[in-house]
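A.B. asks: So that we are looking at the same thing, I have put the structure below in C-alpha cells.
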Amino acid sequence: MKSLFHKQPWHPTTLLMVLAVWLTTAGNLPMWFTVWQLPETHGFKAVTTLGSLILILLSMISWLLLFVVWPKWLKPAGIVFMAVVTSSSYFMLTYNVVIDPSMIANVVHTDAREVRDLLSWRMLGALLLGVVLPGIWWWRQPVKTVNFKPLALRQLGLFVLAWVMMFVFVWLSFQDLASLMRNHTTLRYMANPFNSVYAVVRLSVGQASQAAKPLLPMGEDAKLLAVPASEKEAPLIVLVVGETVRAANFGLSGYARQTTPELNLLKAQGDLVYFSDVSSCGTSTQTSLPCMFSHLGKAAYENSAQPYEGLLDVLQRAGLAVLWIDNQSGCKGVCDRVSKWETQALKVPELCQDGECFDEIMLQELPKQLALLDPVKRAKGTVVVMHQMGSHGPAYYKRSPQAIKQFKPECQSSALQNCPAEQIVNGYDNSVLYADHFVSQTVKWLQAQARPTALMYVSDHGESLGEKGLYLHGMPYRMAPREQTHVPMLAWLSKPMQAQRGWRMACLQGQADKPWSHDNLFHSMLGLSQVATGLVKPELDIFAACAPGR
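Just remember that this note's numbering sits 3 ahead of the position in the sequence shown, which is counted from 1.
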C-alpha cells in the first residue's frame, strides 16, 4: 500500500481545488456554525441555505485561487492561506469578533505584551490542527510539471466556470440570501479568506493614501486668552485616557457593584462631574484615539483621507507645555510632535512585572517628567495626557494589583469562553476598581499642587464581556453593542481652577446627563485650557455653557 505522502503527482489545478474545498469547509467553520444557529435557518431551510452559501463560497474561493496561485508559488501560497483562515477562524470562534479593516489595524499595532495575553494552549491547538498538520500534508504532495500554455488555458477555463457557478447559485437562492445578509450583517465579515484580504487591502490603501499626503497644520491662530502672571497661576491640566473601560461597569454610572468608591467620595465633595451619556468615536484604540484628538469629529474623521495635526499640536502652538505619558501600546500618532515618555523599559519591582507596569507608575514618574519640560512654556500652563493600560483584555486579572482586588475568583485565562461569566466580570471589575484608584490618586496629587489644576478622564472605547456571545471589542461601529461604545467620562476642577475660570460647579453638574461624545473632547480641552482659535466650536465645548456671562 502506497504511503499517504507518496502517490502519483497531482495536476497543479487539481491540488488547487483540494485547497479550495478545505478553505471553504474547515476554513469557514465560524460562518457555518453561525448560519446553522440563526432563527431563519431551521430544519430543511437550514440545509438548503447552508448548502447554497457553501457552493457560492466554494466558487468564489476557487476563482480567487485560480487567479492568484500558480505552480511556482503553489505550496507557500497554500500555507499562507491556511494560516490566514485558521487565525481568523480561531479569533472569530473564541471571541465572536469579525474581521474588518479596524480589526486588522489592531493586529498590526499589537505589541508583545498584548500578543502574550492572547496566547493559549487552545490557540496553539488550533494552529496545529489548522496549519501544521494539513500544511505538512500539503507541502509533501508531489505536483506534475505542466507547460504554461495548457496550464493557463485550464486555469482560465476553470476561472470562468467558477464565476458562472457563483452567479447561478446566487440567482437560485437570491431572495433568502439577501434577507439573511441584510438581517445579519456580521456574516459579511466572516467569509474566509475574503474578509482578511478585503480588510488588509482597504487598510493598506487607506494608509498609503494618507502617507502620500502632507500633514496639515491646525490652529495656526491658536493663542492663550490670558497669560498667567507667574507659574503659580499657570494651570496644570491632566487628561487621563482610559483603556477599554465601559460605562456599564462604572460605579458612577449606577452599576450595581461599587467599582468607583474613591471617585464617589470626590464627587460628594462637589468638585467632580460625571457625564453619564458619552459615546466613543470607535470600538478600538487604533480608531478612537486619533479620532478623539481630532478637530473633525467622528463622521468627518471617518470620511477623511487627509492627515491633520491634532489637539496636542494646537495646545503646544498656543504656548503651553504638553506631555504624553504612555503605559499602553503607543499614542497612534497623536503625540508624535510633543514631549512623550513611555513606561515599557521600567523595572520597578512593586509596580512592574513581566514587561508590564501598573498605571500608578505614570503618577510616580509625573513630577520628574514635568520638570524636564520647557520652563518658558510651563510658566504659561501645562497639559499632560496619561494613557492607561486600564482594563485591556483578555487578561483582565493582570490589570489590578492584589491589594485592589475585591471581586473573586477571577478568570485566570485568556480564553474567556472557558471561564464562568461571573469570573470574567470579577476580573474586569477589579480592573475598573484600579482605574478608580489611579484617577483618584491623580486628583489627590493635583489637589496638593499650589496652582490651578484640573483633570478630565474618558475611556477610548468599551468592552464586551460575553453578552450575546461577544468578547473584547473592535466590532464594526454600526453593528457594535452599546457595551463597546458607551464610555465613562468625568471632569474634576480644583477650587483655584474654578475661581480662575469663573465656572460654577452647579452649572457644570447641569451638563452631566446631556448626550456627549468623543467629538466634544477637542473643543472642551481647548476651552478648559483657555486656548482661542478659529477651530473651536462653542456648541461642542462642555464648559462653554458655564463661562461667565452665559
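Glycine included, C-beta positions come from ideal geometry on N, C-alpha and C.
A quick note: this is a predicted structure, and the numbers were derived from the prediction, not measured.
1. Can you have a look at Val171 and say buried or exposed, based on whether 16 or more other CB atoms are within 10 angstroms of its CB?
2. Taking the C-alpha atoms as reference points, what is the distance between Gln210 and Lys216?
3. DSSP state of Met4, grouped into three classes?
4. Any beta carbon of chain D sitting closer than 8 Å to that of Pro238?
5. Cα-Cα, which of Ser416, Leu175, Gln487 and Thr28 is closest to Leu121?
6. What residues match up with Gln356 in a beta bridge as DSSP calls it?
7. What is the DSSP secondary structure of Leu543, counted as helix, strand or coil?
8. Would you call the stretch 22–29 in contact with the stretch 152–163, where contact means no fewer than 3 C-beta pairs closer than 8 Å?
9. Does the Cβ of Gln391 have 16 or more other Cβ atoms within 10 Å, making it buried, or fewer, making it exposed?
10. So, helix, strand or coil for Met193, using DSSP?
11. Quick one: what does DSSP say Lys471 is sitting in, helix, strand or coil?
12. If Arg481 and Leu239 are in contact, beta carbons under 8 Å, what's the gap, nearest whole angstrom?
13. Hey, out of Ala348, Val244 and Ala194, whose CA is closest to Cys3's CA?
14. For Pro479, which of helix, strand or coil comes out of DSSP?
15. Quickly, what does DSSP pair Pro518 with across the bridge? List them, please.
16. Would you mind stating whether Ala29 and Ile102 have Cβ atoms separated by less than 8 Å?
17. Within a Cβ cutoff of 6 Å, which residues of the same chain sit near Trp142, ignoring the five residues on either side of it in sequence?
18. Looking only at its own chain, which residues have a Cβ that is under 6 Å from the Cβ of Met459, when we skip the five neighbours before and after it?
19. Skipping 5 residues on each side, what residues in its chain have a beta carbon closer than 8 Å to that of Thr488?
20. Considering only C-alpha positions, which residue in the set Arg340, Lys335, Gln426 and Gly138 is nearest to Thr290?
21. Quick one: is Trp506 buried, meaning 16 or more other Cβ sit within 10 Å of its Cβ, or exposed?
22. At which residues does the alpha helix (DSSP H) containing Lys343 begin and terminate?
23. Below 8 Å on the Cβ atoms is my guess for Val539 versus His526; work out the distance and round it to an integer in Å.
24. Taking its Cβ as the centre, do 16 or more other Cβ atoms sit within 10 Å of Ser233, making it buried, or is it exposed?
25. Spell out the partners DSSP gives Thr456 in its beta bridges.
26. Where in the stretch 14–102 do unbroken runs of the alpha helix (DSSP H), each at least 4 residues long, occur, reported from the N-terminal end onward?
27. Under three-state DSSP, which class holds Ile328?
28. Does the Cβ-Cβ distance between Pro404 and Phe361 come in under 8 Å?
29. Can you give me the C-alpha to C-alpha distance between Ser6 and Trp140, rounded to a whole angstrom?
30. What is the C-beta distance between Gly222 and Arg340, in whole angstroms, given that I count them as a contact (C-beta under 8 Å)?
31. Alpha carbon to alpha carbon, what distance is there between Ser62 and Phe8?
32. When you compare the CB positions of Arg328 and Leu349, do they come within less than 8 Å of one another, or not?
33. Which one or two residues does DSSP pair with Lys226 in a beta bridge?
34. Taking the alpha helix (DSSP H) that Leu496 falls in, what are its first and last residues?
35. Using the three-state DSSP reduction, which class does Gly505 fall into: helix, strand or coil?
36. Of the residues Gln144, Val135 and Gly513, which one's Cα is nearest the Cα of Val83?
C.D. replies: If we stick to the structure as given:
1. exposed
2. 10 Å
3. Reliability of the predicted coordinates at Met4 is poor, the pLDDT of 41 falling under 50, and no value is obtained from them.
4. The displayed structure is made up of one protein chain only, and chain D is not part of it.
5. Ser416
6. Glu359
7. In the three-state reduction of the DSSP assignment, Leu543 falls in the helix class.
8. no
9. buried
10. coil
11. helix
12. Contact doesn't hold; Cβ gap of about 39 Å is too wide.
13. Examination of residue 3 is not possible in this model, given that the chain is present from 4 through 553 alone.
14. coil
15. Asp280
16. no
17. In its chain, beyond the 5 residues on either side, Lys78 have a beta carbon closer than 6 Å to the beta carbon of Trp142.
18. The beta carbon of Met459 lies closer than 6 Å to those of Leu242 and Ala494 in the same chain, with the five residues before and after it left out.
19. Counting only Cβ-Cβ distances below 8 Å, and skipping sequence neighbours, we find Ser282, Ser283, Thr286, His464, Gly465 and Tyr480.
20. Of all alpha-carbon atoms in Arg340, Lys335, Gln426 and Gly138, the one lying nearest the alpha-carbon of Thr290 is that of Lys335.
21. Here Trp506 is buried, its C-beta having at least 16 other C-beta atoms within 10 Å.
22. Premise fails: Lys343 lies in the beta strand (DSSP E), Ser342 to Glu345, not in any alpha helix (DSSP H).
23. 6 Å
24. The Cβ neighbour count for Ser233, taken over all protein chains shown within 10 Å, is under 16; the residue is labelled exposed.
25. Leu239
26. 15–27, 32–40, 46–71 and 77–98
27. strand
28. yes
29. The predicted position of Ser6 is uncertain, since its pLDDT is 46 and thus under 50; a value taken from the coordinates is nonetheless stated next. When rounded, the distance between both Cα atoms is 11 Å.
30. The pair is not a contact, with the Cβ atoms about 12 Å apart (cut-off 8 Å).
31. In this prediction, Phe8 scores a pLDDT of 49, lower than 50, which makes its location untrustworthy; the coordinate-derived value is nonetheless stated afterwards. Each residue's Cα considered, the two are about 28 Å apart.
32. Checking the displayed sequence, the identity of residue 328 turns out to be Ile instead of Arg. For the pair Ile328 and Leu349, the CB atoms are not nearer than the 8 Å cut-off.
33. Within the DSSP secondary-structure output, Lys226 pairs in a beta bridge with Ala535.
34. It is not in any alpha helix (DSSP H) - Leu496 instead sits in the beta strand (DSSP E) that spans Met492 to Leu496.
35. coil
36. Val135
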